[in-house]
Amino acid sequence: MSVMDTETLDWQDSAACREHSNLLFFGEEGESELEKQAREARAKGVCARCPVTEPCLEFAMETNQKYGIWGGLTDKERASLKRRRARARRAS
Ligand code: SF4
């Protein structure tokens with residue numbers, strides 16, 4: 010995917026999550042930890058079949074999305090990826 014794809018958001022036209030409720034990716038208030046884990050696993054299953062995982066994840070990283078599943082990663086997983094990338098940049 011090119012940088013342009015992330016900038017224009019054209020990739021969203023092909024997003025597999027378009028056919029699903031936002032609740033699957035962002036959850037709702039009062040959700041238990043167990044419910045959250047099950048929901049996130051279902052959302053990741055959709056992402057695993059999505060043709061635009063890469064621009065989706067990069068968009069979330071670039072715009073610092075704090076909530077939800079983007080590109081198949083949770084907020085904590087994206088934060089971890091951000092730290093790994095920062096460490097890799099410092100090491101190079
Ligand atoms: S990777 Fe997941 S969240 Fe991103 S567009 Fe595809 S289905 Fe939606």
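This note's numbering puts the first residue of the sequence shown at 10, with every later residue one more than the last.
Idealized CB from N, CA, C, for every residue including glycine.
Here the alpha carbons of R58 and A25 stand approximately 7 angstroms from one another. A distance below 6 angstroms between beta-carbons, with the five flanking residues on each side excluded, links C65 to the following residues of its chain, in chain order: W79, G80. DSSP places G77 in no alpha helix (DSSP H); its state is neither H nor E. Contact annotation, R51 with L32: C-beta distance approximately 11 angstroms; criterion of less than 8 angstroms not satisfied. Burial state of T62 is buried, judged by a 10 Å Cβ sphere holding 16 or more other Cβ atoms.
For ligand 1, the residues with a Cβ under 6 angstroms from any of its heavy atoms are, in chain order, A24, A25, C26, F34, V55, C56, C59, V61, T62, C65, I78, W79, G80, G81. The beta carbons of K45 and G39 sit no closer together than 8 angstroms.
DSSP places V55 inside the alpha helix (DSSP H), whose first and last residues are 42 to 57.
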